[in-house]
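In the working numbering, the protein residues as written are 115 to 802.
Ideal Cβ placement from N, Cα and C applies to all residues, glycine included.
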DNA sequence: GAGCACTGC
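Below, the structure is given as structure tokens:
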């Protein structure tokens, strides 16, 4: 491969790098490539199979199948276990069925958590098909806005966030006999909090002499000592998968310009490999991806005769759904598919037919600075586990090749694992939820990877300022307001509101991705169309106007298209709003309309967002009230050309400068009313 | 005077 990039001879590896040492039970060695030897174990045979032949054959061909008997025998006697299964081992679809067939579901439901909604839904569909039952009966799923379960449900797939929500009303998880935490290696905030919640529930149920709670942690990576150690030395069961071997190349020299290196690699592969073999390139963001896509298309037009043609497809989350779908369609014969993607293709979207992966080793990710309390999105190096995850995308159907655009020495210096999200985000929501579950002492909660004390303290301070906390007998507990806030699937700062029709709408608009669609090429058109909604009082009121018009005119997709509104997100706003409204009604919160009284909406925003306020300076610039940091109004704001004396904002965006996004004009007095102590402290600090 | 990775309740 590319001499210019300077790749040395390949190394072969299997993703996951083989089983670790220590407390590991080897369940099976099925061999890779799907052609491995099969062990037939008498234990592994279900007594009389209820499955039709084809499904049964397919189930039996999975690497997990020969281990069935051994696995069940082990798990039956264990409170907790860690199961490592490589991609394609069949663990997620089969294990819940084995557990059920083994009687684990008799006294309670088997919960299987997933970080993503689509995964929970599609797994439930598949498993209920395998069981030849109607979805929602024996096998069901629960995700936000969608619950397909019934009295009969024994195997329930749900998002990790959903199980966490359930734990607020029942922290012992009494419905469940077993919780399977899948994709644990991804370490989402929700999974991380669940680790602590299920561990505590398990302990408490034992103390109370209740039905034991079985906990099974499933991970795709070998690095599981942490899991095992956390669950009191739970045994690690290892299951080999169906991954195919992948050749990994490193560059000989460090690359100054990873974009250029990626471009060179793509065209070297393109000129050497058969056109049926597709390429997946990992870059960091939309702009980079669009630019690279254009360059690739331009170069592909001028390639020498005999070179195959190229279909270049960008892929990132904010790409319209229809365009995302194109990556799944086959390219015409003799044409190569080149997919240029963010890390969305690492886990969320799986594309078949990828033979080559080009890994720049870079990713855009959130970093948290507990000192300043700010979250910053920055381009940074991937971790080793992330790099292996990317390589693995090349070997899903056949052997594959991964070009790493960094040297092996550089790779060795990468962090071993991605820092878990819980150490990189604002913890206010997490603490609010833990307090709602009546966790005895949130400050010493048993996190698997503990956030730093100042990090936790910052969240406590934020919740305290919002009026959610009180100190009772040396314990932090929730105020009635705090309990109300915890009931809403919202950031704590947005969950503090007087329930009016208008506020429900604004809060819903803020909790989904922007409903505004602004293609840069049609900027003048966008501005002309948007003019009729613009409010001098800021972006929130403008959004409110857009939503109202959308609803009044029947909420059609055509209207959205004509008005540069993202209809998918707009529908979601309506769905969120309906959910919030239900919660308000359930809690008997009085619902009033401010009848066009926009000032009350702005006052309410001031009460939620007083921690994110900025003041106009005599020189025409702005500084934040909290930290006196210089900030500017983002050009996308309707207030871009205005100079209001005092604003609150939803978000700070760190790019070249520091921009405020989604602004609302407020009266400085309202801010003071919202948190007098806080502003007195700020004033004192400013004087000293 | 500019531009946000990815999830989830």
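Exposure label - residue i; buried when at least 16 CB within 10 Å
i: residue 784; result: buried
i: residue 751; result: buried
i: residue 435; result: exposed
i: residue 680; result: buried
i: residue 573; result: buried
i: residue 283; result: exposed
i: residue 363; result: buried
i: residue 749; result: exposed
i: residue 168; result: exposed
i: residue 204; result: buried
i: residue 483; result: exposed
i: residue 756; result: exposed
i: residue 794; result: exposed
i: residue 731; result: exposed
i: residue 358; result: buried
i: residue 776; result: buried
i: residue 135; result: Confidence in residue 135 is poor, its pLDDT being 36 and thus under 50, which makes the residue's placement unreliable; the coordinate value appears in the next sentence. Exposed.
i: residue 666; result: exposed
i: residue 466; result: exposed
Of the listed residues the options, nearest to residue i (C-alpha basis)
i: residue 770; options: 779, 632, 745, 761; result: 745
i: residue 328; options: 291, 352, 251; result: 291
i: residue 390; options: 250, 349, 470; result: 470
i: residue 318; options: 305, 553, 296, 672; result: 553
i: residue 489; options: 360, 539, 698, 755; result: 539
i: residue 450; options: 759, 628, 382; result: 382
i: residue 345; options: 302, 309, 267; result: 309
i: residue 524; options: 756, 543, 794, 497; result: 497
i: residue 112; options: 736, 717, 740, 713; result: It is not possible to answer for residue 112, since the shown part of the chain is limited to 115 through 802.
i: residue 584; options: 603, 202, 556, 569; result: 556
i: residue 544; options: 595, 604, 515, 512; result: 604
i: residue 472; options: 466, 463, 480, 504; result: 504
i: residue 621; options: 643, 698, 586, 631; result: 698
i: residue 634; options: 398, 247, 404; result: 404
i: residue 399; options: 446, 429, 276; result: 429
i: residue 235; options: 218, 256, 247; result: 256
i: residue 285; options: 673, 547, 616; result: 547
i: residue 464; options: 443, 343, 567; result: 443
i: residue 626; options: 672, 768, 684; result: 684
Element boundaries [beta strand (DSSP E), containing residue i]
i: residue 476; result: 476-483
i: residue 455; result: 449-455
i: residue 224; result: 223-228
i: residue 349; result: Segment: none, residue 349 is in no beta strand (DSSP E) and carries neither H nor E.
i: residue 195; result: 194-199
i: residue 514; result: 514-518
i: residue 254; result: 253-257
Contacting residues, own chain, Cβ-Cβ under 6 Å from residue i (five flanking each side not counted)
i: residue 656; result: 647, 648, 649, 752
i: residue 267; result: 254
i: residue 532; result: 497, 500
i: residue 333; result: 198, 298, 299
N- and C-terminal bounds of the alpha helix (DSSP H) containing residue i
i: residue 799; result: 790-801
i: residue 424; result: Where residue 424 is concerned, there is no enclosing alpha helix (DSSP H), although the beta strand (DSSP E) it sits in stretches over 423-429.
i: residue 619; result: 615-624
i: residue 312; result: 303-321
Integer Cβ distance of residue i from residue j, believed to fall under 8 Å
i: residue 508; j: residue 454; result: Wrong, their Cβ atoms sit about 15 Å apart, outside the cutoff.
i: residue 245; j: residue 211; result: 7 Å
i: residue 340; j: residue 562; result: 6 Å
i: residue 262; j: residue 250; result: 4 Å
i: residue 224; j: residue 241; result: Rounded, the Cβ-Cβ distance is 11 Å, inconsistent with contact.
i: residue 601; j: residue 701; result: 6 Å
i: residue 736; j: residue 519; result: Going by Cβ atoms, the distance from residue 736 to residue 519 rounds to 40 Å, so no, they are not a contact pair.
i: residue 576; j: residue 351; result: About 41 Å separates the two Cβ atoms, so there is no contact after all.
i: residue 195; j: residue 298; result: At roughly 12 Å, the Cβ-Cβ gap does not stay under 8 Å, so residue 195 and residue 298 are not in contact.
i: residue 678; j: residue 631; result: 5 Å
7 Å CB neighbourhood of residue i in its chain, flanking five on each side removed
i: residue 325; result: 221, 222, 291, 319
i: residue 495; result: 475, 476, 528
i: residue 695; result: 618
i: residue 413; result: 381
i: residue 712; result: 651, 655
i: residue 789; result: 579, 724
Nonlocal neighbours in the same chain, by C-beta distance under 8 Å from residue i, ignoring five residues either side
i: residue 623; result: 629, 654, 657, 658, 661, 687
i: residue 614; result: 705, 706, 707, 708, 714, 715, 718
i: residue 530; result: 337, 497, 498, 499
i: residue 610; result: 580, 581, 582, 595, 599, 721, 722
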